[in-house]
Every structure is written in C-alpha cells, then in structure tokens.
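From first to last, the protein sequence lines are chains A and B.
Residue numbers for the first sequence follow this note's numbering, so the first one is 5 and each next one is one higher.
Residue numbers for the second sequence follow this note's numbering, so the first one is 310 and each next one is one higher.
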Amino acid sequence: MGIFGLAPLLLVFPLIGVLFNGLVGRRFVEYNRQTGEKWSGWFGSLMALSAFAIAVAMFFGLGAHEFHAETVVLFDWIHVGDFYVPWAMQIDTLSVTMMLVVTGVGSLIHIYAIGYMHGDPNFSRFFTYLNLFLFFMLILVSGNNYLMLFVGWEGVGLCSFLLIGFWFDRVNEKGETMNANAARKAFVANRVGDLAMILAMTLTFWTFKSLEFQPVFDSAVEMFESGHMVHFGAFEATLGGVLTAITALFLAGAAGKSAQIPLYVWLPDAMAGPTPVSALIHAATMVTSGIYLIVRSNVLFEIVRASEVVIPGINISSPDLVALTGAATAVFAGLIAFTQFDIKKVLAYSTVSQLGFMIAAVGMGAYVAGMFHLITHAFFKALLFLGSGSVIHGMEHGHHHLSHGHHDEHDTFDPQDMRTMGGLRHKMPTTFAVYMIGSLALAGIVPLAGFWSKDEILAHAGTNPGWIFTVVYWMLTVAAFCTAFYMGRQLKMTFFGKPRHAAAEHAEESSPLMTRPLMVLAALAVLGGLLNFPFFSESAYKAASEAHDYGINLALEHWLEHSIASFELSEEGIVHMPHTPTWIQFDVAIISTILAVVALLAAVFLVYRNRWQTADERDPLQSTPIWWMAVLPFDTLYMKGIIPLFNRLADFLGYKIDWDLWHNFVHERIIRDTFVGFANFASDVLDRQGVDGLVNGAGQLTRWLSGGLRMSQTGYARTYALSILLGTVALLAYFLWPVIF
Amino acid sequence: MGILSLLTFFPLIGVVALLIMRKASDNALKWVAISTAIATFGMSLVVLGQFETGVAGLQLIDRFEWIEAWGIEYHMGIDGISILMVLLTTFIMMLAIPSSWNAISSQVRQYYIFMLLLEVGMLGVFLAQDLFLFYIFWEFTLVPMYFLIGIWGGKNRVYAAIKFFLYTMAGSLLMLLGILYMGITNDTFSLPDLISGRAAFADVQNWLFLGFAIAFAIKVPIFPFHSWLPDAHTEAPTAGSVILAGVLLKMGTYGFIRFNLPLFPEASVEFAPAIAVLAIIGIIYGAIVSFAQKDVKKLVAYSSISHLGFVMLGIFSLNNQGIQGAILQGVNHGISSGALFFIVGVLYEQRHTREIKEYGGVWKAMPVFSALTLIVTLSSMGLPGLNGFVGEFTILLGSMGAESLGASPWIFTAFATTGVILAAVYLLWMFQRVFMGPLDNPANEKLRDLNSGELAIMLSFMLFIIWIGVAPSGFFSLMDGTVSKLVADIGSVLLAGQ
C-alpha cells in the first residue's frame, strides 16, 4: 500500500474544512470581521492545498508503482443479497489526473475567493460550500465503482445548487427570486440526467453482477469475446444491445451534468452564483464530470463501437451519437454566445460549447484528446471566469466610488453588462493582460494551450474515415470559428474603445489576492500545451517509438493509457478504437489557425469596428438571423412550454381529480351519503326499535363515534378515555393472565 | 413472560403511572411519558442485543395457548422483517412524545396515555405471530390514533378522525374474514403453522390475497386508497403525523411482507405486475399532486403516497434487493417524513399557519433549523450519501432484476425512476418558497431558531439519516436471513410455475 495509504486524506481534508467553517467559521467572522475572514478563508484554502499535496503524492506514488492502479478500500457500503458496493478509492492515472486538476485549480480559486468574497455577510458559509464541493468532486473522481461516482455526481450537484443559490434572497426588478430559481433549475435539469444514470447503473448491475469498474469492464470484455447473451430474471438481450442502452443512458447523464443539448439550459442561469463558483464548478471541474464518466467507461463504448449495434430509429451507434451531440452542442452554444451582453453569460455559453468539443472527442474515441482539452480548458476557462470576476469587481468598485457622489442611478446598474464597460485595459492592466492570454488560448491561437488540445480533437476527426467523423470535423471547425469570434467581440466590448459608463471610468485593478492566482492560471494557459505536445513529423514519432523515448511528446497519452484499457484491447484486436494522430496534422492546424485569426480580426476590426461609442447602441448582428439564437433555443421551450403545462397538470390532478372528484365527490357524495342514507333508511323504516343488522350497526357506529368526540370536546373526554382504558386493561388482563401465570 | 411481551406492554407502566399521579403537574406527566418512551426504546435495544442476525426463523418466541377451543394462541416472535419495524417504532415514539411538549396544553394526561397505548398497539402488530392476536393489535391501534386526531387535531379533526377510523376499519373487515377462513380450515391461527399448511387454502388464495391486500393497501396507502391520508395528516397534531407517517403506514407494507407473500406466494406472483403498476402510479401521482399543494403539511402528506409507492414496488419485485430495499425504505420514510412533519410542526407552533405563501426567507431568521431541514429534504428526495437513496436505489435495482415483472422489467424501473426527478421538483419548490427568497413577511422576522429540545430531536433524526446513508450494511444484515429465505421460498414457487 505504502503511499496510497494516504489516499483517504484526500477526502478527509476537505471534510475537516466543511466542519470547521460549517460549525465554527461563522463565530470567527462575527467575532472579528478582519481576522475572522482570514481564518475562515485560509483554513478552507489550506484544506484544498493539503488535498492537492495528497494528489501530488498519489502522482509520484503511481510513478513509483509503474502506473499500476491501486484500490484503497475504506469500508462496506451496501450489501444486499448478491449486490455489493464498497466505499473504495481507485488510484490510477485517470483519477489522479482529475484529482490534480480539481485540487490544483480548486486551491487557486479558494485563494482568489478570499479576496472576492471579502465583506460578504456569509463569508464562512461560502467556504463551507466550496470545501464540500471539493469533497464530493473527489469522491466522484476517486470512487472505484459507479455508485460512488454517482454519490459525487449528485453531491457536486447539491453544492452547485447551494452555491448558485448562495445569494438566495436576491430578487430582480420583477420581484422574482432569480438566484433561487436558477439553483433549482440546475438541480432539476441535473436530476433528469440522473434518472438516466440510475437506469444505467441498475442495468449494468444485472448485466455484469457488479458496479465496480474493473469487474464490470472485465466481464464486458469476456462476454463480448464469448458472445454470451445477457440474461437476468425473465429478460434476455444481446450484449451489444444492452451496452447500447447503457452507453446511451450515460450520454443522457453526461448531457445533464456536462450541459449538452438538450439539457444545457441550466448552465447559463447558473452564472447567478458568485464568480469563483462559476470558475470552479461551472467551468473547470464539475461540468467535466460527464467527460470523465465516458472516459472511465471507454471499454463499454468501444465494445458498442466494435459490435456495430445501432440505436433503433436513428440508425447510428451510441458512441457516434455522443460525438454528434457534442459537436452539435459546440456549434449551437457557440452561436448563442454571439447574442449575449452579460460578460459571464458569454463565458457560460462558451463553456457549453467547449464541453461539446470534449464530448465530441470522447464520442469519437479520442479519450486522451478529450482529457487534454478538459485540462487546458480548466486552466484558461478558470482564468477567464476569474478575470471576468476581477472586471466585475472593478466595475462595482467604480460604481461604488461613483454613487458616493451622486445617488441617482445605482439601482439599474448591472456590473456584468459589457455594454457599460469599454476601455478597461488602461484601468485594469493586469486583468487585461491575463484575460488576453485566456481569450487567445480559448480561441486556439498558436502556441497557447487551447490550440494544442483543440487541434488534437480536430485532427482526430479529420483523419479518421467515415461520414460521422467528417461531419463532426466540420461542425467543430465552425464551432472553433465561432469561439474566436465571440471572444473577439468580448475583448472589444470590455477592454477596448472608450469607457461607456462612469463606473468603467472609475474602475480599479483588483487586489493581489485576486490577481496572483490569475497569473498562475495564465502561465498554465500558456504552457498547458506541453502536457500532450505532439511530434512534429511522422518520422520523429517513429524514431521515438523505436528508441522508447518520447521525451515531453505525448506525455499525457502515455500517462493515461495505463487507465484507458481500450488502448490495450485495440492492440489485441478485440476492439477497434479510432486512432488519434500522434504528430501535428499541418492541414488541420493551418485551417483552424487561419479561421481563428480571421474570426478574431473580423470581430474586432470589421463587425464591431465602430461599435459601442455609447452603452445603448444595438449590436450589428441584432438584425441578422443569428440573433434568433437568443430566443429560439430549448430554454424557451421549457420555460414557456413544458413548465406551464406541468403546473397546469399538477393543479388539475391535485384539485380537480384528487380533491373535487376523488375526495369530495366519490368519497363524500357517493360512498358516505349512500351509506348514511341507507343506514337511516334501515333504522327508520326497517327497524325503528334499535340496533339490528350489520349495516345499521355501522351507521350507529358512525354516530356513536362522533357522539364520543362531541363529548370529548365538551369536557367528557376524561371519562371517555377512562372507559377506553378500562376496556384496554380488561383486554390486557385477559392477555396477560396466561403469560404471567 | 418473555422479553418481547415485556417490550410490548412496557409502555403500560407509564400509563399506570400517569393514571395514579393525580395531583402531578403537567410537566411531571410529560416527563413520565418521555422517560417511559426512552425506557421502551432502551428495551428494544436489549431485544436487538439478544437478536441473532442471519437466523431466518422467528426468535425470542413467547407462545401459549390462549383460547384453546378456537385454536387461538398468544404467540409473539421476532425475525428480520420485524426487528427494524420494532426499533423504528420505539425510536419514533421516543422523538414524537417530547415533540409534543409545547404543542399540547389541554388534557395532557389523556394525550400521553393515548400515545403510550398507541405504542403498545404498534409493537404488538409487529411482534404478533398469531393472526387473531395480530388482528386485535391491528384494530387496537385505531383507537388511540382516533382520539389523538379527534381531540388534539386541527379544525376538521372530527371529520378526519371518523374518516380515518371508518376507512381503515372497513378495509380490515375483509382481512378478518380471510383470517377466520384460514383459521377454520387449518384449525390454527398461528402464522408459521398456516404457512406450512398453506396448501389447504391454496385454491382460494387469490381471494384471500385480495382480502389482506385491501386492508393493507388502505393502510399504506396505495393509490387509489389514499383519500383518508391528507385529511388525517393535516388534522392530526404534529406528533400524530410523525407517528402516522413514521410507523402506522409501515404496518401496511409490513403486512404485505409478513402475510401476503408467505401465505399466498402464487397469488403474490400473479398480482405482482398489477400492484407494481399501482405503486408506480402512486409514485408519479403522489409527487405531482404534492407539487400542487399550498399547505406545506398536505404537501408532505401527499409525498408519502409517492414514497410508499417505491416501497410497494420493491416488495413486489419479490427478490432480495427489492424486499430488503423496501423494508429499509420503510424505515427511511419513517425517519425522513417523520422529520419533515416535525419541521412543519416547529414552524406551525410559532406562526400558526401552514400556508406556504406565508413563509419565505426563513433561512435568514432560522439558520440552524434551515440547514438541518435542507438535509432532511435532501434525504427525502434521495440524495446519495443519505438514507433515502440507499433504499430507493436498492428498490429500483430490485425492480430491474424482477422476474415477477415479466420480460421487460425495465419499463417499470424507468417509470418509477421518474419519481426521482419529481421528488426534486416538489421538494425543492417547497424548500425554496419556505426557506429561500427574501424575508419579506414581517411576521417571519420574529421566528426564533431551534431550542435545545428541538435541536436534540432534529439531531437524532440526522444521526440515522447519515448513518443509514453511509453505512447501511448493519441494517441490511439484520433482515438478510429472513428475507433471503422468503425470497427462496417464492423463487421455488416461481420455478414450479414455469
């Protein structure tokens, strides 16, 4: 076991943080605001850093362990009949990669939040939630079975709910509780995906008699090779068919958590939460869980691909459906981002779009490329969100400064509206510099991190045969163009031109506590590409292969292939995983770079060249069909279609059916009245003298009981209770007589 | 006299004490009731200590001839199906009795007498192994509950009490007929003897099954027999609702497992799909109707219909996961819904209204209470890591593998799982309207947070919410022996049927 014995600490540290801030943090802050905040914030950050240290230890531990996975069993969880699930951690290269990202980026964001949340009355509650989030996220990535993954999966959903609704008492000008609504929307949308997850897990268990990753994958391969049918209860089906269902359900689960079509609608609303939350949960970590799930289940997806089973009705296989869903989301969300004026909403739709890239990658079997993009995206998107937080902070500061002078307009001011910004590069030079790096990395400009990871996905799509790959390639290329364009638009609106609002004019640079984490992330956004740097040519790759010395090239791939069993299964010829090019595809790279540069330039110097001299100008795209994206998408369908329908159904069932019809009409009018009528008839007409017959007796009983109660209300209850009691005692005496003697 | 009889009738000591303390103050009476409830809980722990896990059959048996001429015995016994129900009963009573401290101010003595008598009845129901004896306990529980609702209830208490009494009584009559029929054909009312002699009434078992099923279905309640529930719950005092949801409803699900499955296995297999369909309608219907409620107590009441739909689905999956999940989910529902009713009571005591729109922003006024309520709410909606999820997931797992549900069990599972979404919809909507949002009703600004008694009760609920959520294996192992044997028994019937 050795160093892996430390693994449980990964969960223990954040839990200590939760307990500290949840139970006593508030007292510290209330006792002394200044030092209390330091204690609360730094304690939480220290727990995050400690977890990061453990993750690093795991990293080196795996290196010393020749990258073999290690399972650390904590204790039994559920054991019913032949169903057994433990609390156990799986330490392998994939889970450690996720741990490093989660705790690494997480620690930076914790530190940033000390500055960002300064002065908030619920400062310690915020850090409780952040630590709780880390705890659940680490359960998600470290569990050795699907059920534990699901604990983390829903747990992070809960934290997302709590953090989106952190300012739950805020209302908008219409009096709606927007933050609380957004929180609930996120939870419910995620639950739709969770329904699929629960079904997938129940199906997985009965098919493979386990929910632990390794046994599931082993028996899947074994059943696939031997051609066994799936059989449980009275149910029978082919393995390919069952796995198609399971993987399609995983896709639905991933669509919920990783915000894909048609469940992405919660993520843009989630921006109501504090900005560090948007960076940590809604960009860098939680929303990538769906990608992790699919990478983790790569064996199942590859078996479906190899067995060539298609989903009935649409005639494409489930991995292909994953790829198409991701690609469609990438384009779709990329277009919606054109129409947003809120600085965070642009980034939110951008996140949806980039998650689409990752989902498309893993659907195409480019698991390493997907993970690569997940990591670089965590760096530059966290950077952008925190940067936008710095901007918002600066704007609020400027506005605050302003409203000291004149008190007239501070009610309508929105510090996140890009139309009121402009010219911030002079006011906030550090933020501008790091934001620029983040934007260029996201847009895919050489040699920043985003370029390498995005191009690996594009190269994979561009070089593999089949119409699916071609379609995905072109969709992703369009999405990449969109990315560069909306980022160009955002840069122009935020940092260039002249300030369009007095708040922008008085904006100030944020404190070092906030800008230093930004600089670290900026460095990562620049250098992140080195993680899986591709070879420059085929011959270089071959030479390195023969010498078994890859240097820095393909480091991530060699690291992750120890956890992605499909590599080995492919080599053995059991499955046929599509191959990702191991050297730069110059045609793909040149096309995407040219498109990115063109899009950036087009946004800045063509479309928006003369735009926004004042805050109330229209967007030039507002008169084009692209603007339909602002209203057309699924959100409208849900909010205007399904939800009112559900409300009406609920009212109809609740009041018309259950109450008026079933409760009042059937029970009161039909059953009771008939009965009472009959009983009266029986006693009045058939037998005036008294109690005779069962029906009559029951009628009398009713009156007797109500009479008893009337008595009770008029003070005879004591007598009544006593008589009941006497009866009981008599009965008990009768019972107990033989028992005692 | 064996330990089980001692446990069952132990609360009578408190009853006698309450009767003879004629001059005592109300507080003294309350303390007598509380200490009796605590002692009874301690007693049930002693039973747990003597209980041998893994044994399939009845243990700690107490068996005597009672009415020899009719073959009626005094027969008490405990096994894996009963043990958790007994513990749940004593646990819920231990929390329900002190929760009435402030709420009940009139006729205090009678109130606690009825509470303790109710406990005797419920323990008897879960321990009696003679059908006649069972029936007496079963009917006996109606009486104290009837008075608890009718005397200490809300505005329409008389109506609700009578409806509760008559509705359940009517259902039980058919069961009584079934009991008498079996007793007469087999010359015994003892359950183990009837199970081994079930061949004697195998030809009419469908009718017998229905007779028992209707009695239990009303108690659970299974859709569409639920019409008494919202009335009883909204009118009952807080502790009454806690006990009603916590224990009384479980008498129905317990009855199915204890009597219907082993006595009429072929009929159980045959009726399984039909009951599963009703269970699933209940899950969905209960959840949607719950969503529409404007009264928070009624909302929780309707949610019981949804939750118990899961339990019924589990039972009629007729496999280990389904039935064990169902028993555990019964316990979970007792804890979570019991806690929710207690929560409603805490609010009601201070504001005297249960209208959801009267609240809002309570979190700001009562931070500790609200945080704990959130955990209970999440437990009720089945958040993994808390108790509700363990039960719900094992039930869904059971239904997916259920042979009794035919060649496409996944259709049942898929529909039932929608309850997971709907639970989030109605519970979060409730939570948001009561606890989140601005604190804009001045009447809510004066709300005080939990006092130490209330906090202790909440933390007791919390202990099991987390314990069962994180480490339920101990709970499962208590029932595993008995349920495995029951499942094997039904399995052999299924096999013979093919």
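Note that CB positions come from ideal geometry on N, CA and C, so glycine has one too.
(1) Identify, in the order they occur along the chain, each residue of the same chain with its Cβ nearer than 7 Å to the Cβ of Glu413 (chain A), setting aside the five sequence neighbours on each side.
(2) Apart from the five residues just before and just after Leu15 (chain A), which ones in its own chain have a Cβ nearer than 7 Å to its Cβ?
(3) The beta strand (DSSP E) spanning Pro90 (chain A) covers which residue range?
(4) Residues of chain A with CB closer than 7 Å to the CB of Asn629 (chain B), please, in chain order.
(5) Going by DSSP, what residue range makes up the beta strand (DSSP E) through Ile646 (chain A)?
(6) Name the residues in the stretch 393-411 of chain B whose C-beta lies less than 9 Å from a C-beta of chain A; which are they?
(7) Counting only Cβ-Cβ distances shorter than 9 Å, please list the residues of the stretch 147-173 of chain A near chain B, keeping chain order.
(8) Closer than 9 Å, Cβ to any Cβ of chain D: which residues of the stretch 183-204 of chain A, in chain order?
(9) Could you work out which residues of chain B lie near Asp662 (chain A), taking near to mean beta carbons separated by less than 9 Å?
(10) Under 6 Å from any heavy atom of the ligand COA, does the C-beta of His580 (chain A) make it?
(11) For a test of the three-state rule: what should DSSP assign to His43 (chain A), helix, strand or coil?
(12) Using alpha carbons as the reference points, say which of B:Phe625, B:Leu328 and B:Gly694 lies closest to Thr589 (chain B).
(13) Looking only at C-alpha atoms, which of B:Ile665, B:Asp758, B:Gly561 and B:Gly480 sits nearest to Phe740 (chain B)?
(14) With 8 Å as the limit, tell me which residues of the stretch 726-742 of chain B have their beta carbon closer than that to any beta carbon of chain A; keep them in chain order.
(15) List the residues of chain B whose Cβ lies closer than 8 Å to the Cβ of Lys655 (chain A), in chain order.
(16) Taking 7 Å as the CB-CB cut-off, is Glu712 (chain B) touching chain A?
(17) Tell me which residues of the stretch 777-791 of chain B have at least one Cβ-Cβ distance to chain A shorter than 8 Å, keeping chain order.
(18) DSSP on Asn696 (chain B), reduced to helix/strand/coil?
(19) For Ala603 (chain A), which residues in the same chain have their Cβ closer than 7 Å to its Cβ, ignoring the five residues on either side in sequence?
(20) May I have the straight-line CA-CA distance separating Ala327 (chain A) from Ala256 (chain A), to the nearest angstrom?
(21) Trp270 (chain A) versus chain B: which residues are under 9 Å apart at the beta carbon?
(22) Ignoring anything shorter than 4 residues, give me the alpha helix (DSSP H) runs that lie fully in the stretch 549-589 of chain A, in order along the chain.
(23) List the residues that DSSP assigns as beta-bridge partners of Ile376 (chain B).
(24) Could you tell me the boundaries of the alpha helix (DSSP H) in which Trp456 (chain A) lies?
(25) Output yes or no for whether 7 Å exceeds the beta carbon distance between Phe389 (chain A) and Gly532 (chain A).
(26) Please compile the residues from chain B whose C-beta is within a distance smaller than 9 Å of the C-beta of His464 (chain A).
(27) Return the chain-ordered list of same chain residues with a C-beta closer than 6 Å to the C-beta of Gly697 (chain A), the five sequence neighbours on each side being excluded.
(28) Which residue wins for smallest C-alpha separation from Phe443 (chain B), given the options B:Gly561, B:Leu321, B:Glu763 and B:Met330?
(29) Just verifying my parser: in three-state terms, what is the DSSP assignment at Leu267 (chain A)?
(30) At 7 Å on the CB atoms, spell out the chain A contacts of Pro751 (chain B), in chain order.
(31) So which residues on chain A does Gln438 (chain B) lean against when the C-beta distance must stay under 8 Å?
(32) So is Gly9 (chain A) buried or exposed if we call it buried at 16+ other beta carbons inside 10 Å?
(33) Determine, using beta carbons only, whether Ala2 (chain A) and Phe221 (chain A) come nearer to each other than 7 Å.
(34) Could you tell me whether any Cβ in chain B is nearer than 7 Å to the Cβ of Gly40 (chain A)?
(35) For Leu136 (chain A), which residues in the same chain have their Cβ closer than 6 Å to its Cβ, ignoring the five residues on either side in sequence?
(36) Note down, in chain order, all residues in the stretch 349-375 of chain B with a beta-carbon under 9 Å from any beta-carbon belonging to chain A.
From the atom records:
(1) In this prediction, Glu413 (chain A) scores a pLDDT of 47, lower than 50, which makes its location untrustworthy; no coordinate-derived value is stated.
(2) Annotation for Leu15 (chain A): Phe139, Leu142 and Ile143 place their beta carbon closer than 7 Å to its own, counting only its chain and skipping 5 residues before and after.
(3) Pro90 (chain A) -> beta strand (DSSP E) spans Phe87 to Ile95.
(4) For Asn629 (chain B), the chain A residues whose Cβ falls inside 7 Å of its Cβ are Val84 and Gly85, in order along the chain.
(5) If you look at Ile646 (chain A), you'll find it isn't in any beta strand (DSSP E); DSSP assigns it neither H nor E.
(6) Taking 9 Å as the Cβ-Cβ cut-off against chain A, none of the residues of the stretch 393-411 of chain B qualify.
(7) The stretch 147-173 of chain A vs chain B, Cβ under 9 Å: Leu151, Met152, Phe154, Val155, Gly156, Trp157, Glu158, Gly159, Gly161, Leu162, Phe165, Leu166, Gly169, Phe172 and Asp173.
(8) No chain D is present in this structure, whose protein chains are A and B.
(9) Near Asp662 (chain A) (Cβ distances below 9 Å), the residues of chain B are His535, Ser536, Pro539, Tyr594, Val598, Ala601 and Tyr611.
(10) The model on display carries no ligand, and the ligand COA is accordingly not part of it.
(11) Checking the sequence shown, residue 43 (chain A) turns out to be Trp, not His. In this structure, Trp43 (chain A) counts as helix in the three-state DSSP scheme.
(12) The residue you asked about is not Thr; residue 589 (chain B) is Ile in the sequence shown. Of the candidates B:Phe625, B:Leu328 and B:Gly694, the residue whose Cα lies closest to the Cα of Ile589 (chain B) is B:Phe625.
(13) Just measuring C-alpha positions, the residue of B:Ile665, B:Asp758, B:Gly561 and B:Gly480 sitting nearest Phe740 (chain B) is B:Ile665.
(14) Hits within the stretch, in order: Thr726, Thr727, Val729, Ile730, Ala733, Val734, Leu737, Trp738 and Gln741.
(15) As written in the sequence, residue 655 (chain A) is Asp, which differs from the Lys given in the question. In chain order: Ala601.
(16) Look at Glu712 (chain B): its C-beta is under 7 Å from a C-beta on chain A.
(17) Going along the stretch 777-791 of chain B in chain order, one finds Val779, Ala780, Pro781, Ser782, Phe785, Ser786 and Asp789 with a Cβ nearer than 8 Å to chain A.
(18) Helix at Asn696 (chain B).
(19) The beta carbon of Ala603 (chain A) lies closer than 7 Å to those of Phe485, Ala488, Phe489 and Gly492 in the same chain, with the five residues before and after it left out.
(20) Rounded to the nearest whole angstrom, the CA to CA distance from Ala327 (chain A) to Ala256 (chain A) is 13 Å.
(21) By Cβ distance, chain B contributes nothing, its closest Cβ being about 12 Å from Trp270 (chain A), past 9 Å.
(22) Those alpha helix (DSSP H) runs which fall completely within the stretch 549-589 of chain A and span 4+ residues are 559-564 and 570-575.
(23) Within the DSSP secondary-structure output, Ile376 (chain B) pairs in a beta bridge with B:Ile381.
(24) DSSP places Trp456 (chain A) in the uninterrupted alpha helix (DSSP H) bounded by Ala453 to Thr467.
(25) No.
(26) Those do not exist, as His464 (chain A) stays about 34 Å from chain B at its closest Cβ, beyond 9 Å.
(27) Here Gly697 (chain A) scores only 48 on pLDDT, less than 50, and its place in the model is too uncertain to base an answer on.
(28) Ranked by how close their Cα comes to the Cα of Phe443 (chain B), the residues B:Gly561, B:Leu321, B:Glu763 and B:Met330 have B:Gly561 in first place.
(29) Note: Leu267 (chain A) maps to coil in three-state DSSP.
(30) For Pro751 (chain B), there are no C-beta contacts with chain A under 7 Å, since the nearest C-beta of that chain is about 15 Å from it.
(31) None at all; the shortest Cβ gap to chain A is about 14 Å.
(32) That one is exposed.
(33) Beyond the ends of chain A as shown, which are 5 and 745, falls residue 2 (chain A); an answer cannot be given.
(34) So, not an interface residue.
(35) Within the same chain, and ignoring the five residues on either side of Leu136 (chain A) in sequence, the residues whose Cβ sits closer than 6 Å to its Cβ are Val22 and Cys163.
(36) For the stretch 349-375 of chain B, which is checked against every Cβ of chain A, the residues closer than 9 Å are Asp371, Phe373, Glu374 and Trp375.
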